[in-house]
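Single-structure report; data block below.
Residue numbers (our numbering): 22 to 249.
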């Protein structure tokens, strides 16, 4: 299912037209997971549109939502802390000067397992900066992923699908391209923004089942027709 909205100048968030919703063919856990991801994405888009149109979100309004839907209090607090709900957006498709940050919602055991596995694809001297990035901090240089870019990007697509990331595909793409390079036969290269977007939003060009990394019991993969 996809959200069908007539495109007008009033809607500034392209994700409103590209949002993937519940897979009608999914069963069991995947259906429930799809519902959760759908709700969190919809909430994110709602407040993004509020900020874009009206600027600062009213505190009383936010308080009522937190009281009525306490399960979303953490998500709202993160959004407020990072400024998504504060201040009118002055974004006009220009390059943002400040580097984007990412918040991955994992418990300690999950985070340690993810960090440990990803470290295998980076030089030892990069491990400290990689951990800081995964913890939501910023670094001053790009890290080189020692394999194809699609293997790295697919991990973050899976994080989003499983509800461990609340950022949009655009924000995740910007974060990846700002902080990582990858190693090819020709040497170290920048991530391709178009290829990164295709993997995140459409699963186009993602690695095969055999080539995927970070295969954990808790880290489920959404099977697509191209990967059966």
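Every residue gets a Cβ at the ideal spot worked out from N, C-alpha and C, and that includes glycine.
I need the DSSP call for residue 210, collapsed to helix, strand or coil.
The count along the chain shown starts at 1 and reaches residue 210 at position 189. Reduced to three states, the DSSP call for residue 210 is strand.
Any heavy atom of the ligand MN closer than 7 Å to the beta-carbon of residue 242?
Ligands are entirely absent from the displayed structure, and the ligand MN is therefore not among its contents.
Where does residue 205 fall in DSSP's three states?
Position 184 of the chain shown, counting from 1, holds the residue named residue 205. Strand at residue 205.
Classify residue 181 as buried or exposed, calling it buried when 16 or more other Cβ atoms lie within 10 Å of its own Cβ.
Here residue 181 is taken as the residue at index 160 of the chain shown, counted from 1. So residue 181 counts as buried.
Separation of residue 166 from residue 183, as counted between CA atoms:
For the purposes of this step, residue 183 is identified with residue 162 of the chain shown, where counting begins at 1. For the purposes of this step, residue 166 is identified with residue 145 of the chain shown, where counting begins at 1. About 23 Å.
For residue 48, name the three-state secondary structure that DSSP assigns.
The sequence position of residue 48 within the chain shown is 27, counting from 1. Unreliable positioning characterises residue 48 in this predicted model, as indicated by a pLDDT of 47, which lies under 50. The coordinate reading is nonetheless provided below. It is coil, neither helix nor strand.
According to the neighbour-count rule (16 or more other Cβ atoms, all chains shown, within 10 Å of its Cβ), is residue 162 buried or exposed?
As a working note, residue 162 is residue 141 in the chain shown. Residue 162 should be labelled exposed.
Round the Cβ separation of residue 177 and residue 221 to the nearest angstrom and send it over; I've been treating them as touching at under 8 Å.
Numbered from its first residue, the chain shown carries residue 177 at position 156. Numbered from its first residue, the chain shown carries residue 221 at position 200. Their Cβ separation, rounded to whole angstroms, is 7 Å, which keeps residue 177 and residue 221 in contact under 8 Å.
Other residues of its chain near residue 226: CB distance less than 7 Å, five sequence neighbours each side excluded
The count along the chain shown starts at 1 and reaches residue 226 at position 205. 171, 216, 219 and 220.
Do residue 186 and residue 201 have their C-beta atoms closer together than 8 Å?
Translated into positions along the chain shown, residue 186 becomes position 165. Translated into positions along the chain shown, residue 201 becomes position 180. For residue 186 and residue 201, no; Cβs fall outside 8 Å.
Would you report the Cα separation of residue 118 and residue 93, rounded to the nearest angstrom?
Here residue 118 corresponds to residue number 97 of the chain shown, with the count starting at 1. Here residue 93 corresponds to residue number 72 of the chain shown, with the count starting at 1. Summary for residue 118: the model assigns pLDDT 47, below 50, so the residue's position carries little reliability, and this model does not support an answer.
Run through the DSSP bridge pairs and tell me what residue 166 is partnered with.
The residue given as residue 166 occupies position 145 in the chain shown. 203, per the DSSP bridge assignment.
8 Å contact criterion, which residue 143 and residue 127 should meet: CB distance rounded
By 1-based counting over the chain shown, the position of residue 143 is 122. By 1-based counting over the chain shown, the position of residue 127 is 106. Rounded, the Cβ-Cβ distance is 18 Å, inconsistent with contact.
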